[in-house]
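Chemist: So the sequence shown is residues 21 to 159, counted in the numbering used here. Ideal Cβ placement from N, Cα and C applies to all residues, glycine included.
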Amino acid sequence: MSPADFPIIDLIPQRPPMQMIDKLIYADERSAKGTLFIKESNLFCEQGKLSESALIEFIAQTAAAFTGYRNKLNDAKVSEGYIGAVKNLVISNTPPVNEEIQSEITVENEIVGFTIINGNVRFRDNVIASCEIRILSRP
21 MSPADFPIID LIPQRPPMQM IDKLIYADER SAKGTLFIKE SNLFCEQGKL SESALIEFIA
81 QTAAAFTGYR NKLNDAKVSE GYIGAVKNLV ISNTPPVNEE IQSEITVENE IVGFTIINGN
141 VRFRDNVIAS CEIRILSRP
């Protein structure tokens with residue numbers, strides 16, 4: 021099954037209003053891509069734009085959806101994870117409401133309950149945010 025075949029709510033532990041990904045559109049062994057349409061009602065919108073913290077959360081939830089997708093394929097439950105650290109954060113722009121953004125993550129390492137990912141957010145084919153996130157997974 022393709023990741024897009026699963027409702028996103030079945031792949032992530034977050035629930036509205038904290039849900040920051042609409043769909044997981046691609047996944048392979050070590051990477052994934054997601055989308056988010058920015059609604060004006062989004063909890064992280066300020067003055068008609070998505071906040072910087074939301075961009076980090078979007079990357080993290082793409083990683084969560086990727087893990088949830090892999091778990092679903094193996095008949096395991098969706099697990100919780102927590103952001104342990106954000107490194108090398110670069111944000112060049114924040115996108116406006118009523119637009120779609122895309123995320124892309126790559127798993128760099130998985131060690132004893134920790135996952136290290138590199139991620140970015142694209143808006144209109146331009147990278148507007150990138151970082152490394154260390155995620156602590158809960159069984």
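Could you check what DSSP says for ARG114 in three-state terms: helix, strand or coil?
Modeler: This sequence places Thr at residue 114; Arg is not what is there. Coil.
Chemist: Does the beta-carbon distance from ALA85 to GLY133 come in below 8 Å?
Modeler: Result no, Cβ atoms of ALA85 and GLY133 do not sit closer than 8 Å.
Chemist: Is DSSP giving GLN7 helix, strand or coil here?
Modeler: Missing from the structure shown is residue 7; the chain here goes from 21 to 159 and no further.
Chemist: So the candidates are GLU119, VAL98, THR87; which of them puts its Cα closest to the Cα of LYS69?
Modeler: The residue with the shortest Cα to Cα distance from LYS69 is GLU119.
Chemist: Tell me which residue opens and which closes the alpha helix (DSSP H) that GLU72 is part of.
Modeler: Here the alpha helix (DSSP H) through GLU72 covers 72–93.
Chemist: Take SER123 as the anchor and find which of CYS151, VAL98, VAL106 has the nearest alpha-carbon.
Modeler: Nearest C-alpha to SER123: CYS151.
Chemist: If you follow the beta strand (DSSP E) that ASN62 is in, where does it begin and where does it stop?
Modeler: Run containing ASN62: none; DSSP gives neither H nor E here.
Chemist: If you run the structure through DSSP and keep just helix, strand and coil, what is ALA96?
Modeler: If DSSP states are grouped into helix, strand and coil, ALA96 belongs with coil.
Chemist: To which residues of the same chain is LEU93 closer than 8 Å at the C-beta, ignoring the five residues directly before and after it?
Modeler: Only MET21 meet the Cβ criterion.
Chemist: Let me make sure I understand the geometry here. Which of LYS43, ILE41, TYR89, ASP42 has the alpha-carbon closest to that of ARG50?
Modeler: The residue with the shortest Cα to Cα distance from ARG50 is TYR89.
Chemist: Would LEU63 be called buried (16 or more neighbouring beta carbons within 10 Å of its own) or exposed?
Modeler: Label assigned to LEU63: exposed.
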